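Okay, so here's the structure we're looking at.
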Amino acid sequence: LILLFAVSCYDGSKDNVSLSEEMESNETAGNFDLNKPENPTDRRIIWNANLEFQVKNVDESTKDISNLCAKYEAFISRMNLSSTNYQISNNITIRVNNENFNKLINDLKGTSTFIRRVEINSNDVTEEFIDIESRLKTKKEVRERYIDILRNRSGEIKDVIAAEDAIRKITEEIEAKEGRLRYLQDKVSQSTINLEIYQKVDFE
Numbered sequence: 192l193i194l195l196f197a198v199s200c201y202d203g204s205k206d207n208v209s210l211s212e213e214m215e216s217n218e219t220a221g222n223f224d225l226n227k228p229e230n231p232t233d234r235r236i237i238w239n240a241n242l243e244f245q246v247k248n249v250d251e252s253t254k255d256i257s258n259l260c261a262k263y264e265a266f267i268s269r270m271n272l273s274s275t276n277y278q279i280s281n282n283i284t285i286r287v288n289n290e291n292f293n294k295l296i297n298d299l300k301g302t303s304t305f306i307r308r309v310e311i312n313s314n315d316v317t318e319e320f321i322d323i324e325s326r327l328k329t330k331k332e333v334r335e336r337y338i339d340i341l342r343n344r345s346g347e348i349k350d351v352i353a354a355e356d357a358i359r360k361i362t363e364e365i366e367a368k369e370g371r372l373r374y375l376q377d378k379v380s381q382s383t384i385n386l387e388i389y390q391k392v393d394f395e
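Be aware that the sequence shown starts at 192, since it is given in this note's numbering, and climbs by one per residue.
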């Protein structure tokens, strides 16, 4: 994705307001091209599954699930075991690479005696990826313009102070967007399975 920006040369005689307006105009100029990738493999999709099923023995099934996770190079990120007068249950959150997502789900279902619920959903975040990457590129270019002002120090003191403040704010925005990209990449690279297994019990 290529963005073209017309950045005016800095004029040291400009005041703080006009300087900021020029930079902000460069940062927000034009609409971002959010055309979806033609190749389906380029799409960024977050996969999630919610499973709920009955097992003969929660403890034994939990061990079986742990072994399946090891088989498919998945890991359990959360586990919550609880019991009532009617049943024992274990809520398990599993993270697994996308290529093993469906395989692991099929094997997990094989450990059940009764399947109560299977929900699989996806969230296409391709456009958000493109948007954030585009805005990051723009913000970094704008930050470089401010850095050039500090390097040249050809303007008035108030312009230098304005540039330093702008660099700080833009850097914070860049770090926030990079953090969002890392979060989305983590969700895209590994799918999430929320699993609840339960065992019926009879208390006399």
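Note that CB positions come from ideal geometry on N, CA and C, so glycine has one too. Small disclaimer: the values here were computed from a predicted structure and weren't measured.
Hey, out of the options, whose CA is closest to residue i's CA?
i, options, result
"N297", "D250, K391, V392, I384", "I384"
"C260", "I236, I279, N293", "N293"
"L400", "I358, S380, K300", "The structure shown does not extend to residue 400, since the chain is modelled only from 192 through 395, so no value can be given for it."
"I358", "R342, I321, N291", "R342"
"Y277", "T253, E264, Q245, E251", "Q245"
"E310", "V379, N239, K391, V392", "N239"
"S268", "D393, Q381, R336, K391", "Q381"
"V379", "S313, S252, T329", "S313"
"K331", "E363, D250, S273, A353", "E363"
"R308", "Q390, L386, L295", "L386"
Bridge partners for residue i per DSSP, in chain order?
i, result
"R305", "First, the amino acid is wrong: residue 305 is Phe here, not Arg. Per DSSP, Q245."
"E310", "N241"
"R286", "F266, T383"
"N258", "Its beta-bridge partners do not exist; DSSP assigns none."
Please state the DSSP three-state secondary structure of residue i.
i, result
"E264", "coil"
"V392", "coil"
"R234", "coil"
"T383", "strand"
Taking the alpha helix (DSSP H) that residue i falls in, what are its first and last residues?
i, result
"R139", "Beyond the ends of the chain as shown, which are 192 and 395, falls residue 139; an answer cannot be given."
"N276", "Unbroken run through N276: none, as it is neither H nor E."
"N409", "The chain is shown from 192 up to 395; residue 409 falls before or after that span and cannot be answered."
With distances taken between CB atoms, is the gap from residue i to residue j smaller than 9 Å?
i, j, result
"T275", "I388", "no"
"E319", "R373", "no"
"Y263", "N291", "yes"
"N281", "S252", "yes"
"Y337", "I352", "no"
"A265", "V249", "no"
"V316", "I237", "yes"
"Q390", "I321", "no"
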